[in-house]
Structure formats: structure tokens, C-alpha cells
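Undergrad: First the structure, which I've put down as C-alpha cells, then a few questions once you've had a look.
Protein chains in written order, with the numbering used here: chain C, 1014 to 1376; chain U, 80 to 629.
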């Protein structure tokens, strides 16, 4: 997290190329928070038709993957503000692949997601990746580079590994030629047809959260004291997890947890008392699976949910788990309350205190 | 209009691209080219109807191409062009012989600086600016990069991602005021062009849709490797689409140029020039109709005299010869009679000139006109019957026209009989230059039922002095008369403002004011009459400002 020590001056949003007309008035339309809080910016880049807009649509707009086939080609920057609807605050900018943007676009961004179409010939994409990385790094050394090897749903497992290895190898070689061997690129195999894109996005976002180690540690303490096998801290709206314990993430576990959130939200929408709050302080759910495991969901705050998986026999001591959870929730809230003093403006997290009244909690 | 209209699109492969530019080109710039293209110049143009000179697909093309590419065309490498970016090769030219302007349509403007402006505008229009509702007009720009009206829109394409492609038409101009003033006209007409394109593309799209497989899976595979981009011709299934665009753009440029003309003002406008400007009134279509106010006058004229021969040309010469004529009039009438006549004229009494010789009658009228402000002149230059004084204060009549008795009894008028020698009637209107020649041979008799006070208005006295002063040349005299009229018009303005602004003014106040502006009792009538000649512009301005005060 040391790379996050440089302070970004809040409110200096106008640095986008003037030639493209994103002047100061663009800021006025942003939420009021933008002037006081800096929102980390994630750029979605890559060649045309690599799937940038589809990723954005699927992750943040709940668009069905099949429908992305009919998306129009993106002709201008599409900004996605994950500020108002979610606990985690950041902006995702979807850039058209056809245009080379002015250098200043890199100045205020925290991470670049470079999307490569694995079903297509990717040499051009690698060249573009190399050019982008070296340029962006020169302008803003703090940028994190994430490479999504995308559309892997069409590839066999062997192919996937092979593609990742090949791309990794070539990209590193290219960077080494430029004298940037120390620069770290993270690679992810992604597809919009399964949860891999959510997982990859989770990891990208996690890197932007300065409180991540603390939260991971809290989760570790929680699971070891409660007999829980795996615990995720989910952003309810986008279903990306902002933290998990240190045990490895199993794809299936992640998927089933995502599905559980969907179920809870949907049920709450249908049977909840109030229309507006599908998820509130008393939201909780227990799902027992026939293989002897239990899934347990609890609300942490308005935007966050804790989803745990444990053995059925561990769940017999539910009182202990609930007590531990209350401790955990208090700790999480404490973590985010110190945010203003931390001096790190890089990841703005809010701790919401206005919990709505209880409504349909599901048991 | 000194602007460039161009069509831009967002290419699937290359991003924003300029497809087609139409710009006016003044002959000195492309002299060689125009003569090279040759024959086309023969084309005749009517005022509004521009003909597309020739679609130079093959033979004439070479000439134009050399011309276009000569001055350092920014040549994009040929590999940089796909079918979607297909445009015209090399382009079209239309010549407007009336105003010596050629309109050149090509893929890019041949001037490098202009190209970079267009390119920049294209980028902004397609990838930068957001217009409300994704389709429609938007204005942006600056003094360095030019000001731009951009109209962005979608064209249906069944094979494209999202089933549509993004295009925009941009109009780039350096003159912001002019461009914005033309906004209503430009946007309306761009919309027509755009809708035409969209309509055609929609038809093609619908046909393709019915042919395509229904199930989404098949559709997906069908769409996996579509052509990356198709040209506008293919999308509209119209081989002539660029010709249509050329004609449309040329028309827009030309019509927009005709719509608003800029005039250079040397100093503040005189009251007379404002009156002239007011005669040009805007019609509903947004075009300027010339001499609207004159209509009534001309109508009457046309009714009365069927053989209306080349009056416009006469008008040209009038101003100089009028001054000459008025001097002659002064000499032939004698100072005393002239004074009476002029006095009647400046205070607005009807002047009736009766005579067989039409040019002579006209010359007398036009001569008298130059001592009265333009706004006060209502002229019927030669009529076959009497016109009431509220219609005209300068009336020319045929010799045998009888003036009604009640007029004779009541109206304030002065009748001038132009008695022409016998010889002249046999040689009627063949002698073209009006004025002196005919006037010389005429005698005048003056009759008026009303008598005026001996002392004329001060301005008239000054005018007469100047007319009598032979040391002044005609030009000087003319300017002097203009100055005198303007000086007194200013007094009239003050008086107008005074009377309209303050509500009720006492007799005392009015007297004081007149004293201040240096007007005497004898000037009152003149001031009152000249007040009617103030421009509408000034009147409404005064009335609105005084209203806002209260």
C-alpha cells in the first residue's frame, strides 16, 4: 500500500484534455462529493471490440451477457460513477478503442484495466498494451495495471492456461525491452458469461482500498473464532467483494455467495415492507445446503454484506457467531471512521450511520 | 457563406474520420483548376438554383485532383482507409458565376490548417461533445480552432454493432456571431439532410432485417464476422448519395450566405441609411426581401403605367443629378418661387408636379426629394389620377389629370406645371438620361392655394444659401445637404424623445426645449413633419425605453 502515499489533490479534475471539451463544467455535473473527495478512477482500455463496454454493462448495469452482443460501438468516454449507489467509491471510464487519448488522461487515474480479446489474434493488442503501459507509467508511476484476458468462455481449459502463459510471457518481455521489468502487471482470465469478471473486478477494486489489510485481518479473526470456512465482505450493489479472509478463493464458493445475495435482495424486494430499502440493518439470511454446509448472510452496513460458509455443526453455536459478527461489524465501522484522518484520499469509503428502519428480514 | 460543411463518421476501425467536405472557393485561389475543368463554367445559375456542375468521375477528375492535392494535402496513408471511410474521389465542383464562387467538395480540404481545424471539430463532435438526446445540434468552438455547429445522428446499419453507426455533420466557421445568427436556418436544413439519409438507411436496414436469420444464436454467428464497416453508399443503397450531399451542402452555404449580408458601417448610420435598412425586411423563410416598404409605392406605379421602363438604372444616377437638377430648378423658377416650393416640400405639403414629359416630372420630384429626409418621402412618381396627400407627398401627374375640386379647396398643396416645348412631345422618352436635358427645355409655373409665412425654416434658408453658392461643387453640396438633414433630424429626435417620454409637457417646457435645440417658431412645422420620417427602429427603441422607465 506504500504506493498510495502520494496525495492526490482533491478537486483537480479539470486536467482532462481541454481539446476534448471536458472542462470544469463537467465537474459541476458530478456529485457534490467530487469536489471534496477524490474518487479513484479506473480506465477500461483495449482494442476495439475487445469487450470493454460489455464488461462495464454486465458488472455495473446488470445487463445480461447475451444482450451485450447488441451494444453499439463506443464513440466517447463513458463514465460510470460508483459513488451514489455503493459503499465503495470509484469511477470507471470506458474509453473507445479507436482513439488515442491525450496523455493527461493518465494523470489522475489509479488503475488501468487493459482488456485483451483472447479469441482474436492478440499481437496488436499486446503492442497497444505495451505502448499504453510505458506511456502511462511515465506520466503517472502510481498506476496499477490489470490485464484482463477476456472472452475465455470460448476456450478450453488448456487453451486458457496456454493463452495466459503466452500473453504474460510476451507482455513481460516487451516491458523488459523498455526497461520496465520491475513494473508489475496482473493477469486475469475473464468472461462475462460467468463470475470471473466479477472476481477480477473485485481484485482490481480491492487494490484501491487502503483499509484492505485491516479488513482481511478482521475477517481472519472472525472465521478462526467462529468456525467459519470462508467469509466474503460484499459490496451488495455491484457484487464485487471488497475483502475476504486469507484462505484461497474458490470460484464456485464465490459464485454461490453472489447468488445468495441475489436471492436475498430479490426476496426482500418482493416481501419487504418498504419499497426503497431492500437491504437494511436487520437483513440476514441462512441457507442450508444438502451437503452439510450452511451459508449465513448478515448486513454490515447499508452497502456491505458479510457472507460466510461453514459446516453445519459449527452453526450450532449461532449465538457465538452472532456475537462475533457484532464485534466484527463494530470493528469495520471503526476502521472507516478514521478515514478522514488517515490522509489517504485514494479510496473513499463512507460509513453510513443512517440505517433505515427494519423491514422484511429473512430467516 | 465563408464556412465549411463536412460529414464525419465514427469508423469502427479508425475512430472519428472526416468523410466529405464542402467549401466555397474564391476564383483566384483555384484559377488554374477552374479553367482546367473547363466546360462546366457554361452552366447557368438562377438565383437560388445551383446546378451541380459535373460529376467528375473520370475525365475531368484528373485536373481537379491535381489541383486539390497540390498544396500539401495531408495525405493519410492509403492503408488507413477502410470501406467505411469511403468517400468521393476526387470530388465535385459547382460554380456560381453570379458571384464568382466555386464550391468544392472533396474528402478533405486542401489547406492543411483548415484540415486540422476540421479534424479537430470532427473529433470533438463525435467523441467529445455530448448533445442532449444523442441526436441533434450542438455548438462549440473557440476563436483559434473555429466555431462549430455540429449535428450528430445515427444511421441504421444492420451489420454494425448496435445496428447503427454514428455520423455528424459539422459546419465550421471563424465568425461566431454570423454562425450563431444562422443557427435556426442551418439547423433546420441540416435536419432535412439528415432525415433524408436516415430514411434511406432505414429502408435498407429493414430489408436486410427480414432476410436475416431469426434465432439469436444464428444471428450471433451471422454477426461474428461482419464487414467491419460499410460505406455510406452501401448503407443508403444510393450511388449518388455524395452528389446529393454536395448539392445540399452547396445550397446551404449559398442560401445561408444570402440570408444574412454583412454591411460595413463607416461611423454611426445616418437616419437615411437606417430607413434604407428597414426597407429590407425579413420574410418568413428567413431570407431578406429587398425594399419591402416600397411595395406599396411600386404597386401603384405598376398599376398606373404599364410601360415601366428601366427605372432602376435611373435611380442609380439620381443622387448626383438630383443635386444638379435642384440647382437648375432654383435658377429657372427664381429664388422666390423656389423658396415657396421648397418651403412646401420641407413642411410636408403635397407637391404635385404635372407635365407631359415623364422624365422631367420625375426629375423635378427627385430633385425636391433631396432636401427632405428619406423617411418623409412618399413618392408616386407618375400617375394617371390624383393620389391623396396621405398616400404621397410627392406626386407626379400626367398633364390632363384633373385635381378634384374639394382638394383644390381644402388641401395644402403646391402645383407645379411642367410646360414642355412642342418639339419634345414628338420625341418622347427616348432620351435616356433624365434631368437636365429635358428640364432645360421646360418651363415651370407654380400655383398654390395656400400661402405660407414669409420666413421659412432655418434649415431651408441654409439649404438655399448653399444652392445659390456656385463655389460649391455638386459633391460638396450633396454632402452638405445630407449633413443639414442629419443635424435637423437629431433635433427632431430630441423633440420626439421629449414629447413621448415625459407624458404631458407644458407649453413652457416645449418652448424651452425648442430654444435649447435652436429652433424658432417657424421651424415648428418642419420638426413636426420630419418626426414622421424617423426610423421605426428609433421609434420603438425610444418607446420601449421610456416605458421601462415608468
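Ideal placement from N, C-alpha and C gives every residue a C-beta, glycine not left out.
What did DSSP end up calling residue 1226 of chain C once you bin it into helix, strand or coil?
TA: helix
Undergrad: Does the region 1169-1185 of chain C come within contact of the region 1206-1225 of chain C, defined as at least 3 CB pairs closer than 8 Å?
TA: no
Undergrad: Here's a check: name, in chain order, each residue in its chain whose Cβ is nearer than 7 Å to the Cβ of residue 614 of chain U, leaving out the five neighbours to either side.
TA: Beyond the five residues adjoining it in sequence on each side, residue 614 of chain U comes within less than 7 Å, by CB distance, of 350, 353, 354, 357 and 454 in the same chain, given in chain order.
Undergrad: Got a sec? Which residues, its chain only, sit under 8 Å from residue 1147 of chain C by beta carbon, not counting five neighbours each side?
TA: Residues 1188, 1191 and 1193 of the same chain have their beta carbon placed closer than 8 Å to that of residue 1147 of chain C, with the five preceding and five following residues left out of the count.
Undergrad: Indicate whether at least one CB of chain C lies closer than 9 Å to the CB of residue 212 of chain U.
TA: no
Undergrad: Going straight from the alpha carbon of residue 1108 of chain C to that of residue 1074 of chain C, what length do you get?
TA: 17 Å
Undergrad: If you compare alpha carbons, which of U:623, U:481, U:422 and U:205 is closest to residue 450 of chain U?
TA: Out of U:623, U:481, U:422 and U:205, the CA that lies nearest to the CA of residue 450 of chain U is found in U:422.
Undergrad: What are the boundary residues of the beta strand (DSSP E) that residue 221 of chain U is part of?
TA: 215-221
Undergrad: Check the DSSP bridge columns for residue 1201 of chain C and list the partner residues they point to.
TA: C:1161, per the DSSP bridge assignment.
Undergrad: When you compare the CB positions of residue 1128 of chain C and residue 1068 of chain C, do they come within less than 9 Å of one another, or not?
TA: yes
Undergrad: Do the region 307-314 of chain U and the region 224-236 of chain U make contact, defined as three or more Cβ pairs closer than 8 Å?
TA: yes
Undergrad: Please confirm whether residue 44 of chain U has its beta-carbon closer than 9 Å to some beta-carbon of chain C.
TA: Since the first and last residues shown for chain U are 80 and 629, residue 44 of chain U lies out of range.
Undergrad: State buried or exposed for residue 1292 of chain C, treating a residue as buried only when at least 16 other CB atoms are found within 10 Å of its CB.
TA: Looking at its Cβ environment, which holds 16 or more other Cβ atoms inside 10 Å, residue 1292 of chain C is buried.
Undergrad: What's the call for residue 38 of chain U, buried or exposed, on a 16-neighbour Cβ count within 10 Å?
TA: Coverage of chain U is limited to positions 80 through 629, which leaves residue 38 of chain U absent and any answer about it impossible.
Undergrad: Give me the chain U residues within the contact set of residue 1086 of chain C, using Cβ-Cβ distance strictly less than 9 Å, ordered along the chain.
TA: Within chain U, the residues near residue 1086 of chain C are 89, 91, 239, 240, 241, 244 and 245.
Undergrad: In the DSSP assignment, what are the bridge partners of residue 1057 of chain C?
TA: C:1107 and C:1126
Undergrad: What are the start and end residues of each continuous beta strand (DSSP E) run of 3 or more residues lying completely inside the region 156-238 of chain U, in chain order?
TA: 170-175, 180-185, 215-221 and 225-235
Undergrad: Given a threshold of 16 other Cβ atoms within 10 Å of its Cβ, counted over all protein chains shown, does residue 169 of chain U qualify as buried or as exposed?
TA: Classification of residue 169 of chain U: buried, given that the 10 Å Cβ count is 16 or more.
Undergrad: Taking residue 409 of chain U as the reference, which of U:523, U:287, U:461 and U:579 has the closest Cα?
TA: U:523
Undergrad: Can you pull out the residues from the region 1101-1120 of chain C whose beta carbon lies closer than 7 Å to at least one beta carbon of chain U?
TA: 1109, 1111 and 1112
Undergrad: List, in chain order, every chain C residue whose beta-carbon is nearer than 8 Å to that of residue 205 of chain U.
TA: 1088 and 1089
Undergrad: So residue 1337 of chain C and residue 1238 of chain C are supposed to be a Cβ contact under 8 Å. How far apart are they, rounded?
TA: 6 Å between Cβ atoms; contact.
Undergrad: From U:291, U:287 and U:322, pick the residue whose C-alpha is nearest to that of residue 276 of chain U; which is it?
TA: U:322
Undergrad: Can you find the residues in the same chain that come closer than 7 Å, C-beta to C-beta, to residue 598 of chain U, ignoring five residues on each side of it along the sequence?
TA: Contacts found: 570 and 606.
Undergrad: Which of the three DSSP states, helix, strand or coil, is assigned to residue 1191 of chain C?
TA: In the structure shown, the three-state DSSP call for residue 1191 of chain C is coil.
Undergrad: What alpha helix (DSSP H) runs, 4 residues minimum, are completely inside the region 561-602 of chain U?
TA: For the region 561-602 of chain U, whole alpha helix (DSSP H) runs of length 4 or above, ordered along the chain, are 586-596.
Undergrad: Considering just the uninterrupted stretch of the alpha helix (DSSP H) at residue 88 of chain U, what are its terminal residues?
TA: For residue 88 of chain U, there is no enclosing alpha helix (DSSP H); the enclosing beta strand (DSSP E) covers residues 83-90.
Undergrad: What is the DSSP secondary structure of residue 1247 of chain C, reduced to helix, strand or coil?
TA: Three-state result, residue 1247 of chain C: strand.
Undergrad: Taking 8 Å as the threshold, find out whether the region 96-103 of chain U comes into contact with the region 176-183 of chain U through three or more Cβ pairs.
TA: yes
Undergrad: I'd like the list of long-range same chain contacts for residue 314 of chain U, defined as Cβ closer than 7 Å, with 5 residues on each side in sequence excluded.
TA: 234, 236, 280 and 283
Undergrad: Is it the case that the region 1178-1185 of chain C contacts the region 1127-1144 of chain C, given that we only count it when at least three CB pairs across the two stretches are under 8 Å?
TA: yes
Undergrad: Looking at the unbroken beta strand (DSSP E) that takes in residue 460 of chain U, where does it start and where does it end?
TA: Its beta strand (DSSP E) spans residues 458-462.
Undergrad: For the region 1170-1196 of chain C, which residues have a beta carbon sitting closer than 9 Å to at least one beta carbon of chain U?
TA: none
Undergrad: So does the region 411-418 of chain U actually touch the region 432-444 of chain U, counting three or more Cβ pairs closer than 8 Å?
TA: No, because fewer than three Cβ pairs between the region 411-418 of chain U and the region 432-444 of chain U fall closer than 8 Å, the two stretches do not touch.
Undergrad: Using a Cβ-Cβ distance cut-off of 9 Å, determine whether residue 1083 of chain C contacts chain U.
TA: yes
Undergrad: Between residue 1089 of chain C and residue 1219 of chain C, what straight-line distance do the alpha-carbon atoms span, to the nearest angstrom?
TA: 27 Å
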